[in-house]
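In the numbering used here, the protein residues as written are 119 to 243.
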Amino acid sequence: MTIKEVCKQFDISADTLRYYERVGVIPKVKRTKGGIRDYSEEDISWVENAICMRSAGVPVEMLIEYVKLYQEGDNTLEARRDLLIEARVEVQNKIDQYVETLNKLNFKISRYEEAIKTGVLSWEE
(Lines of atoms letter the chains of each structure in order from A; the text may use other names.)
(Lines give C-alpha, C1' and ligand atoms only; values in the text may rest on other atoms or scores of the structure.)
Protein backbone atom coordinates (compact mmCIF):
# COMPACT_ATOMS: atom_id res chain seq x y z
CA MET A 119 0.00 0.00 0.00
CA THR A 120 1.36 3.44 -0.83
CA ILE A 121 1.62 6.34 1.59
CA LYS A 122 -1.17 8.09 -0.32
CA GLU A 123 -3.48 5.10 0.14
CA VAL A 124 -2.68 4.83 3.84
CA CYS A 125 -3.28 8.54 4.34
CA LYS A 126 -6.62 8.28 2.58
CA GLN A 127 -7.65 5.20 4.58
CA PHE A 128 -6.95 6.86 7.93
CA ASP A 129 -7.60 10.48 6.95
CA ILE A 130 -4.17 11.68 8.06
CA SER A 131 -1.51 13.68 6.30
CA ALA A 132 1.59 12.18 4.72
CA ASP A 133 3.62 14.46 6.98
CA THR A 134 2.02 12.88 10.06
CA LEU A 135 2.70 9.40 8.75
CA ARG A 136 6.33 10.23 7.93
CA TYR A 137 6.73 11.82 11.37
CA TYR A 138 5.38 8.71 13.10
CA GLU A 139 7.93 6.61 11.24
CA ARG A 140 10.82 9.05 11.72
CA VAL A 141 10.43 9.30 15.51
CA GLY A 142 9.57 5.63 16.02
CA VAL A 143 5.83 5.71 16.78
CA ILE A 144 5.60 3.06 14.07
CA PRO A 145 8.43 0.76 12.97
CA LYS A 146 10.34 1.56 9.78
CA VAL A 147 8.32 0.78 6.68
CA LYS A 148 9.95 -1.27 3.92
CA ARG A 149 10.53 0.52 0.65
CA THR A 150 10.40 -0.50 -2.96
CA LYS A 151 13.57 -0.56 -5.05
CA GLY A 152 12.61 2.96 -6.08
CA GLY A 153 12.60 4.10 -2.45
CA ILE A 154 8.82 4.41 -2.13
CA ARG A 155 7.24 3.26 1.13
CA ASP A 156 5.32 0.01 0.71
CA TYR A 157 2.99 -0.50 3.69
CA SER A 158 2.29 -4.12 4.61
CA GLU A 159 -0.70 -5.31 6.65
CA GLU A 160 1.53 -5.29 9.73
CA ASP A 161 2.54 -1.68 9.01
CA ILE A 162 -1.12 -0.76 8.63
CA SER A 163 -1.81 -2.31 12.04
CA TRP A 164 0.92 -0.17 13.58
CA VAL A 165 -0.50 2.95 11.92
CA GLU A 166 -3.98 2.10 13.16
CA ASN A 167 -2.64 1.56 16.68
CA ALA A 168 -0.74 4.86 16.63
CA ILE A 169 -3.78 6.82 15.46
CA CYS A 170 -6.02 5.16 18.05
CA MET A 171 -3.60 5.78 20.90
CA ARG A 172 -2.87 9.36 19.89
CA SER A 173 -6.57 10.15 19.57
CA ALA A 174 -6.95 8.94 23.16
CA GLY A 175 -4.15 11.25 24.24
CA VAL A 176 -1.43 8.66 24.77
CA PRO A 177 1.88 10.56 24.60
CA VAL A 178 4.15 10.07 21.59
CA GLU A 179 7.03 9.24 23.93
CA MET A 180 5.08 6.33 25.38
CA LEU A 181 4.34 4.97 21.90
CA ILE A 182 8.00 5.30 20.91
CA GLU A 183 9.03 3.36 24.01
CA TYR A 184 6.44 0.67 23.26
CA VAL A 185 7.74 0.19 19.70
CA LYS A 186 11.34 0.00 20.95
CA LEU A 187 10.39 -2.64 23.48
CA TYR A 188 8.41 -4.58 20.88
CA GLN A 189 11.43 -4.63 18.58
CA GLU A 190 13.59 -5.99 21.40
CA GLY A 191 11.48 -9.13 21.53
CA ASP A 192 9.55 -11.24 23.98
CA ASN A 193 11.91 -10.54 26.87
CA THR A 194 10.09 -7.17 27.10
CA LEU A 195 6.56 -8.54 27.50
CA GLU A 196 6.24 -7.35 31.09
CA ALA A 197 7.59 -3.88 30.28
CA ARG A 198 5.19 -3.55 27.34
CA ARG A 199 2.28 -4.64 29.52
CA ASP A 200 3.29 -2.08 32.14
CA LEU A 201 3.37 0.68 29.52
CA LEU A 202 -0.12 -0.27 28.37
CA ILE A 203 -1.36 -0.24 31.96
CA GLU A 204 0.09 3.23 32.39
CA ALA A 205 -1.61 4.38 29.18
CA ARG A 206 -4.89 2.86 30.36
CA VAL A 207 -4.68 4.82 33.63
CA GLU A 208 -4.13 8.06 31.71
CA VAL A 209 -7.03 7.35 29.34
CA GLN A 210 -9.31 6.42 32.26
CA ASN A 211 -8.43 9.69 33.99
CA LYS A 212 -9.41 11.59 30.85
CA ILE A 213 -12.66 9.65 30.60
CA ASP A 214 -13.43 10.49 34.23
CA GLN A 215 -12.79 14.18 33.50
CA TYR A 216 -15.10 14.03 30.48
CA VAL A 217 -17.84 12.33 32.51
CA GLU A 218 -17.56 15.02 35.19
CA THR A 219 -17.80 17.74 32.56
CA LEU A 220 -20.72 15.99 30.88
CA ASN A 221 -22.56 15.80 34.20
CA LYS A 222 -22.04 19.53 34.76
CA LEU A 223 -23.28 20.31 31.27
CA ASN A 224 -26.33 18.12 31.76
CA PHE A 225 -27.11 19.88 35.04
CA LYS A 226 -26.80 23.34 33.49
CA ILE A 227 -28.91 22.34 30.49
CA SER A 228 -31.61 20.95 32.80
CA ARG A 229 -31.66 24.22 34.76
CA TYR A 230 -32.08 26.24 31.55
CA GLU A 231 -34.81 23.90 30.32
CA GLU A 232 -36.63 24.38 33.63
CA ALA A 233 -36.14 28.15 33.37
CA ILE A 234 -37.63 28.15 29.89
CA LYS A 235 -40.71 26.37 31.25
CA THR A 236 -41.09 28.44 34.43
CA GLY A 237 -39.48 31.75 33.54
CA VAL A 238 -37.14 31.47 36.54
CA LEU A 239 -33.49 30.43 36.33
CA SER A 240 -32.42 28.66 39.50
CA TRP A 241 -29.26 26.72 40.20
CA GLU A 242 -30.90 24.85 43.08
CA GLU A 243 -31.95 21.27 42.42
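The beta carbon of each residue, even a glycine, is placed where N, CA and C say it ideally should be.
Short Cβ contact (9 Å threshold) for residue i with residue j
i	j	result
I144	V176	no
S240	E231	no
Y184	R206	no
Between the CA atoms of residue j and residue i - distance to the nearest angstrom
i	j	result
D156	V147	7 Å
G237	I169	47 Å
T219	E208	17 Å
F225	G153	57 Å
Y216	S173	14 Å
Residue i classed as buried or exposed, judged by whether at least 16 other C-beta atoms fall within 10 angstroms
i	result
A132	exposed
I124	The amino acid at residue 124 is misidentified as Ile; the sequence shows Val. That one is buried.
E159	exposed
E190	exposed
L181	buried
L223	exposed
L195	exposed
Y138	buried
D161	buried
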